[in-house]
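First up is the structure itself, then whatever we jot down about it.
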Amino acid sequence: MTAPSEIRVRFCPSPTGTPHVGLIRTALFNWAYAKHVGGTFVFRIEDTDAQRDSEESYQQILEALNWLGLDWDEGIGVGGPHEPYRQSQRGDIYQDVIQKLLGAGHLYESFATAEEIEARNVANGRDPRQGYDNFERELTDEQKAAFRAEGREPSLRLRVPDTDLSFDDLVRGEITFKAGSFPDFVVVRPNGQPLYTLVNPVDDALMEITHIMRGEDLLSSTPRQIALYHALVEIGVAKFIPRFGHLPYVMGEGNKKLSKRDPESNLFLHRDRGFLPEGLLNYLALLGWSIAADRDVFTMEEMCAAFDVADVNPNPARFDLKKAEAINAEHVRLLEPEDFAGRLVPYLQAAELVATPATDAQLEIVRQAAPLVQSRMQLLGETPGLLGFLFVSTDDLVFEDDALKTLKDGALDVLAATAESLEGVSEWATEPIEAAMRAKLIDELGIKPRLAFGPARVALSGRRISPPLFESMELLGREATLARIQKLRDHLSA
RNA sequence: GGCCCCAUCGUCUAGUGGCCUAGGACACUGGCCUUUCACGCCGGCAACACGGGUUCGAAUCCCGUUGGGGUCACCA
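And the structure:
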C-alpha cells in the first residue's frame, strides 16, 4: 500500500432493500482502492426517498459491511469533518445550495407535469421517449404567475449546456455524449425536497470525493452530473470535478442484470448458506478484476495491495455460483483449525444440533471433528449434514434412504463381524479400531474395503457420506458406536 | 427509437503489436490415490463475433457490421 494520499472515495447506498452482491462488489472496489492508494473511504447513506427507504434496510447494510469486514474511515458511525452522513439529515445544507444555484441562474422553475411533457412531444412529432425538451427555460414572470394562480408549484430543473460533453472514465477511457442527449433534469421536487440528482453530486462535492466508482447503470447520467458540477464549481460549492469510473454489471442467468428479486443477489442468503466473508469477497473481486494471470485465490490484504481501478475490465460479468462456491472452499481449507472449528458452531446452532450457547462438551466435539471435515465442504452450511450424527442420540439417528441403498446383501454379516472385531478393541482410538476391523474384515474374511467399511459408515452416521470412519468411531465412543451398529442390524433384519 | 457502454473457451478472466500453434480458474470429463465423500496429483475438451483496413507482423490499433446490455422519472 502506498503512502497516505488525498484520494477520497465513497460508498453511498440507498437503503431500499436487502444488500445485493452487485452493491457489495461496488463497496469492495471502492474500499480496496482506498486501501491501495492510502486514501479515505467515506460511507454515507442516500436516504432521500422516504417512500422507499427503510430503517431495516439501513441496518442490513451496516450488518453486511460489518460481517464482510469492509471498514470505512469516515462517515456513518465514525463521524468526520462532513457530518451528518445521512442525507435525510442534511436538508438545510441542500436548501442553501439550492438557493445559491437559483441565484446564479443555474436552476429554473418548471411547471409541466409528466403527462404534459409527453403530450407536448406527441404534438410536436417528437419521440416521447426523448423526454423533456427544455421548453420552460425562458418562462416570463407572467407565465409563472399564471401557473401559480392555477395552484401549481414548480419543480426546479438544472439548465444543462447545449454542447457535447466528454469525460475520461477510469475503466472505459474517453466517453463523449452528444449535445441534446441529456436534457434539463429535475433536481428539486415541487414540495422543495431535493432529489438524488442534486444531493448525490452536492455531497460528493462537499465531501471532496475525488474518485467516483459506481455501477454502469449510472453511466448515462454522468454528463448531466458533470454539468451540475460545473455549476457547483461556479458558485463555490465544489472545488473540482471528480474522476468517474463505471464498474461493469453483475449479471444473472441469461443476459439480464442480476436483479434484487433473484435469490443469488441476496448477500445474506449466501452468508446463511455458509459463505465465508473472505471467500465471497474474493469471488466478487473476480467479477471484473483479476490479481494475476494464473491465480484467483487471494486474501483481502493481497487484493488491497494489488487493486487499481484502471485494471478493471469493462465487460459485464455473470455471477457463477459454482465458481463462487469453489473459491469459498479454497478459503475454508485455508482457515486455521481453531478458526475453522469456531465458524462451524453457528451453523450447528442454526440446525439446533448444538445449544446456544454451546456447552463445553459440544465445543470439544466440534473442535475434534472439525479437522475431519475441513477439506470436504465448500460451504459452512454443509456442517449439520456432515457432523450432525455426532450430536444426536442413537435413538434419534435416522438411516437415510440413499445410504441404505448402498448396502449389499452381505451387510448384515459384515455388521456382525464389525461388532465382533470391535469388542476386542482395548484402547478406543482410531488406530486400534482400524487395525481390529482390518484384521477381521479384510485379512480374515477377505472382504473388499468398500464392502467392509460401508455398512459401519451407514450405521454410525446414517448417511452415505460422512467424515472418515475410524476417526468418527473414536469421537462417537465405544458405546454409541456399538449401539448404532446394533441399531442398523435390527433395522436391516426387521 | 435517440444516446451510451460492451464483445477472448459454457462461465470468470490473462493478454496493452511479435514471448500466442492464446495462459489460468470454475464447470464438464478420463485416470491415479482411497474406508465413503472430498482433498491432492496427472490428462482431456473448449475461445480471440464478423468484415474491412493500418503494419514486415494484430486477440491486441482504426472503421464498419452484427449481436448483447444500459439509459432516456418530480427512483436511486
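Numbering-wise, our numbering comes out as the position in the first sequence, counting from 1, plus 8.
C-beta atoms are modelled at their ideal positions from N, C-alpha and C, and glycine is treated no differently.
Note that the coordinates shown come from a computational prediction; the quantities given were computed from them, not determined experimentally.
Cα-Cα separation, A447 to G432
Walking along the first sequence from the start, residue 447 turns up at place 439. Walking along the first sequence from the start, residue 432 turns up at place 424. Rounded to the nearest angstrom, the two C-alpha atoms are 11 Å apart.
Proximity winner among S62, V241, E360, E435, relative to L214 (alpha-carbon distances)
If you number the first sequence from 1, residue 214 lands on position 206. Nearest of S62, V241, E360, E435 to L214, Cα basis: V241.
Between G223, V179, I234, which has its C-alpha nearest T205's C-alpha?
For the purposes of this step, residue 205 is taken as residue 197 along the first sequence, with counting starting at 1. Comparing Cα positions, the closest option is I234.
Can you check DSSP and say which residues form a bridge with T184?
Stepping through the first sequence from its first residue, residue 184 is reached at position 176. Paired residue(s): S174.
Skipping 5 residues on each side, what residues in its chain have a beta carbon closer than 8 Å to that of E126?
Reading the first sequence from its first residue, position 118 is the one you call residue 126. Contacts found: P136.
Within the same chain, show all residues whose beta-carbon is closer than 6 Å to that of A359, passing over the 5 residues directly before and after it, in chain order.
If you number the first sequence from 1, residue 359 lands on position 351. Result list for A359: P392, in chain order.
Under 8 Å by Cβ, that's how I've got L398 and L343 pegged, so tell me the actual separation to the nearest angstrom.
Taking the first residue of the first sequence as 1, we reach residue 398 at position 390. Taking the first residue of the first sequence as 1, we reach residue 343 at position 335. The pair is not a contact, with the Cβ atoms about 20 Å apart (cut-off 8 Å).
In chain order, what residues of the same chain lie with their CB nearer than 6 Å to the CB of G287, ignoring the 5 residues before and after it?
Mapped onto the first sequence, residue 287 falls at position 279. Closer than 6 Å at the Cβ level, and outside the excluded window around G287, lie I335, N336, H339.
Below 7 Å, is the gap between the Cβ of P162 and the nearest heavy atom of the ligand ADP?
What this structure holds is no ligand at all, so the ligand ADP is not there to describe.
Out of G200, C20, G350, T414, point me to the one whose CA is closest to L500's CA.
Along the first sequence, one-based indexing puts residue 500 at 492. Of G200, C20, G350, T414, the residue nearest in Cα terms is T414.
According to DSSP, residues forming a beta bridge with A325
By 1-based counting over the first sequence, the position of residue 325 is 317. Partner(s): V258.
Quick check on DSSP: helix, strand or coil for A363?
On the first sequence, position 355 is the one that residue 363 refers to. In this structure, A363 counts as coil in the three-state DSSP scheme.
Would you list the residues sitting across from A48 in a DSSP beta bridge?
What you label residue 48 is simply residue 40 of the first sequence in a count that begins at 1. The displayed chain sequence assigns Thr, not Ala, to residue 48. BP columns for T48 point to R16.
Per-residue burial, K43 [other beta carbons within 10 Å of its own, 16 or more giving buried]:
By 1-based counting over the first sequence, the position of residue 43 is 35. Buried, since its Cβ has 16 or more Cβ neighbours within 10 Å.
How long is the line joining the alpha carbons of D368 and L356, rounded to whole angstroms?
Taking the first sequence and counting its residues from 1, one reaches residue 368 at position 360. Taking the first sequence and counting its residues from 1, one reaches residue 356 at position 348. If I take the Cα positions, the gap works out to 14 Å.
Can you find the residues in the same chain that come closer than 6 Å, C-beta to C-beta, to N274, ignoring five residues on each side of it along the sequence?
Counting from 1 along the first sequence, the entry for residue 274 is found at position 266. For N274, the CB contacts under 6 Å within the same chain, skipping 5 residues up- and downstream, are T26 in chain order.
Note the first and the last residue of the continuous alpha helix (DSSP H) segment covering H4.
Missing from the structure shown is residue 4; the chain here goes from 9 to 502 and no further.
According to DSSP, simplified to helix, strand and coil, what is H90?
If you number the first sequence from 1, residue 90 lands on position 82. Of the three classes helix, strand and coil, the one that applies to H90 here is coil, per DSSP.
DSSP on I473, reduced to helix/strand/coil?
Counting from 1 along the first sequence, the entry for residue 473 is found at position 465. If DSSP states are grouped into helix, strand and coil, I473 belongs with coil.
When the Cα of A437 is compared with those of Q386, L477, R232, which residue comes out closest?
By one-based count along the first sequence, residue 437 stands at place 429. For the residues Q386, L477, R232, the minimum Cα distance to A437 belongs to L477.
Expected contact under 8 Å - CB spacing of L166 and T56 to nearest Å:
In the first sequence, the residue the question calls residue 166 occupies position 158. In the first sequence, the residue the question calls residue 56 occupies position 48. Not confirmed; about 16 Å, so no contact.
On a CA-only basis, which of A293, F185, P322 is nearest E309? Give me that one, please.
The sequence position of residue 309 within the first sequence is 301, counting from 1. Checked all of A293, F185, P322; the closest Cα to E309 is A293.
Comparing C-alpha positions only, which one of R497, I217, G111, V195 sits nearest to H90?
Taking the first sequence and counting its residues from 1, one reaches residue 90 at position 82. The shortest C-alpha separation from H90 is found at I217.
With a threshold of 7 Å on Cβ separation, who are the neighbours of N142 within its own chain once the five nearest residues in sequence on each side are excluded?
Residue mapping note: residue 142 aligns to position 134 of the first sequence, counting from 1. Within the same chain, N142 has close Cβ partners P191, D192.
Determine the direct distance from the alpha carbon of V466 to that of V86, and round the result to whole angstroms.
On the first sequence, position 78 is the one that residue 86 refers to. On the first sequence, position 458 is the one that residue 466 refers to. Cα-Cα distance, rounded: 54 Å.
Close-in-space but distant-in-sequence residues of the same chain around F155 (CB under 6 Å, 5 per side omitted)
For the purposes of this step, residue 155 is taken as residue 147 along the first sequence, with counting starting at 1. Same-chain partners within the cutoff: F119.
Please report how far the alpha carbon of D270 lies from the alpha carbon of I32, in whole angstroms.
Sequence index remark: in the first sequence, residue 270 carries index 262 (1-based). Sequence index remark: in the first sequence, residue 32 carries index 24 (1-based). In a straight line, the C-alpha of D270 is about 15 Å away from that of I32.
For F37, is the classification buried or exposed, using 16 other Cβ atoms within 10 angstroms of its Cβ as the cut-off for buried?
As a working note, residue 37 is residue 29 in the first sequence. The residue is buried, with at least 16 neighbouring Cβ atoms inside 10 Å.
Status (buried if at least 16 other CB within 10 Å, exposed otherwise) for A332:
What you label residue 332 is simply residue 324 of the first sequence in a count that begins at 1. A332 is buried by the Cβ-count criterion.
Please name the residue, chosen from F51, G244, P322, that lies closest to Q107 on a Cα-to-Cα basis.
Taking the first residue of the first sequence as 1, we reach residue 107 at position 99. For Q107, the nearest C-alpha among the options comes from G244.
Can you tell which of V353, G389, M385 has its C-alpha closest to the C-alpha of I373?
Numbered from 1 along the first sequence, position 365 holds the residue referred to as residue 373. Its Cα nearest to that of I373, the residue V353 stands out among V353, G389, M385.
So, with DSSP's three-state summary, where would you put A502?
Indexing the first sequence from 1 puts residue 502 at position 494. Secondary structure of A502 (DSSP, three-state): coil.
Check the C-beta distance from Y93 over to I101 and give it rounded, since I have them as a contact under 8 Å.
The residue you call residue 93 lines up with position 85 of the first sequence. The residue you call residue 101 lines up with position 93 of the first sequence. That pair is no contact at about 12 Å.
Nearest to F327 by CA position, among A419, Q103, G260, is which residue?
Stepping through the first sequence from its first residue, residue 327 is reached at position 319. Ranking A419, Q103, G260 by Cα distance to F327 puts G260 first.
DSSP three-state label for H278, please.
Residue 278 sits at position 270 when you count from the first residue of the first sequence. DSSP, read as helix, strand or coil, puts H278 in helix.
Proximal residues to T48 (C-beta, below 7 Å), its chain only, five neighbours per side dropped
Counted from its first residue, the first sequence places residue 48 at position 40. The residues are R16, A42, D81, E82.
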